[in-house]
Amino acid sequence: MSDKDWELFKQKVHTKSGINLNDYKPAQMQRRIGNMMSRHGAGSYVDFFGKLETDQKLYKDFVDFLTINVTEFFRTPEKFDELEKRVIPDLLKQSTKLNIWSAGCSIGAEPYSLAIMLNELTPQVKHRILATDLDIEMLAKAKQGTYTANELKNIPSARLAKYFKQADGKATINDDIRAKVEFGRHNLLVDKFETGFDLILCRNVVIYFTEAAKDSLYRRFFAALKPGGVLFVGGTEAILNFRDIGFSHYLPFFYRKPF
């Protein structure tokens, strides 16, 4: 398949979805898309895009595949333990009401995990939790708030009973927790960022981004944080140039904007 076909495919995907494949590492992305094309019998990028145009399920699967919608509540429990026992208590010393952004929230497990945690740490306080994602269907699932056992596997039984209604092998988040999260569609690589955040979480989102795209994104996160605010990234996404951006190291995979 020629470079010209790849360039045309990227343009068509960008027009249709708003996703700019130029911000993704080309070798990994071509390999992953090539595997998907083979599974669906597409012999060229032109053929594959034609299938994306006519098959809504395939298009949804393709967007999910690009945005890596794999998640669960309290993903990497030891890091959420640090968040609950050290990071958030430190932030609460600066501000009694926190402004938090879960960027790339997928099906909502991460922002709802935060809402549960804050409900226990500060039960009478109304914090703001903004949760955004590029994928409209994932946002719809997040707002619905119904999850499988695998997505809930890190939640202790007491919390599960307290915050979820269980039926037919699934569990739905309680309305009072659902009301604590504000969902919205947002493209991290294109759209403007709000400012004034105490905490930003962007975990397992940038794994296939180019280094230039990641650097730009982390600089924009830095600008979006308050002085003293914290950025929390995924376990494979350590920011090697965090000092150049302006961050100080706080804990592994937590970076702080200096006061």
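Be aware that the sequence shown starts at 951, since it is given in this note's numbering, and climbs by one per residue.
Beta carbons are placed, not taken as given, at the ideal position from N, Cα and C, and that holds for glycine.
Between the Cα of residue i and the Cα atoms of the options, which residue gives the shortest distance?
| i | options | result |
| --- | --- | --- |
| Leu1149 | Ala1174, Leu1167, Lys1130 | Ala1174 |
| Arg1135 | Val1037, Glu1101, Ser967 | Ser967 |
| Phe1203 | Phe1209, Gly1196, Phe1192 | Phe1192 |
| Phe1024 | Gln961, Arg1153, Gln1094, Phe1012 | Arg1153 |
| Ala1121 | Ile1127, Ala1129, Leu1110 | Leu1110 |
| Arg1078 | Thr1004, Phe1147, Phe959 | Phe1147 |
| Lys1164 | Pro1177, Glu1144, Val1140, Ala1108 | Val1140 |
| Ser994 | Thr1004, Lys1007, Phe959 | Phe959 |
| Lys1076 | Leu1068, Asn1137, Val1013 | Leu1068 |
| Tyr1052 | Arg982, Glu1187, Tyr1205, Leu1181 | The sequence as given places Ser at residue 1052; Tyr does not occur at that position. Nearest option by C-alpha distance: Leu1181. |
| Gln1094 | Ile1189, Met979, Gly1119, Ala1059 | Ala1059 |
| Leu1151 | Gly1184, Ala1162, Arg1170 | Gly1184 |
| Asn1137 | Ile1157, Leu1167, Ala1117 | Leu1167 |
Checking the sheet assignment: what are the DSSP bridge partners for residue i?
| i | result |
| --- | --- |
| Cys1055 | None; Cys1055 has no bridge partner. |
| Gly1134 | Thr1082 |
| Lys1120 | Thr1098, Ala1117 |
| Leu1175 | Phe1147 |
| Val1183 | Cys1152 |
| Tyr1219 | Nothing can be reported for residue 1219: it is not among the residues displayed for the chain, which extend from 951 to 1209. |
| Tyr974 | Phe1159 |
Starting from residue i and walking both ways along the beta strand (DSSP E), at which residues does that stretch end?
| i | result |
| --- | --- |
| Arg1128 | Unbroken run through Arg1128 is the alpha helix (DSSP H), 1125–1128; no beta strand (DSSP E). |
| Lys1115 | 1114–1117 |
| Pro1202 | From DSSP, Pro1202 is part of no beta strand (DSSP E); its letter is neither H nor E. |
| Asp1148 | 1147–1152 |
Since residue i and residue j should fall inside the 8 Å C-beta cutoff, what is the C-beta to C-beta distance between them, to a whole number of angstroms?
| i | j | result |
| --- | --- | --- |
| Thr1160 | Lys975 | 6 Å |
| Phe894 | Ile1123 | A query on residue 894 cannot be resolved here, the shown segment of the chain reaching from 951 to 1209 and no further. |
| Met986 | Phe1015 | 6 Å |
| Lys1142 | Gly1179 | No, Lys1142 and Gly1179 are not in contact; Cβ-Cβ is about 18 Å, not under 8 Å. |
| Phe1030 | Ser1063 | 7 Å |
| Val1131 | Pro1061 | 5 Å |
| Lys1001 | His990 | 6 Å |
| Asn1100 | Glu1028 | Wrong, their Cβ atoms sit about 19 Å apart, outside the cutoff. |
Can you give me the start and stop residues for the alpha helix (DSSP H) that residue i sits inside?
| i | result |
| --- | --- |
| Val963 | 953–967 |
| Arg1193 | 1192–1195 |
| Arg991 | The residue you asked about is not Arg; residue 991 is Gly in the sequence shown. Counting along the chain, Gly991 falls outside any alpha helix (DSSP H), and DSSP gives it neither H nor E. |
Starting from the N-terminal side, write out each stretch of the alpha helix (DSSP H) that is 4 residues or longer and does not extend beyond the segment 1020–1078. 1027–1032, 1038–1044, 1059–1071
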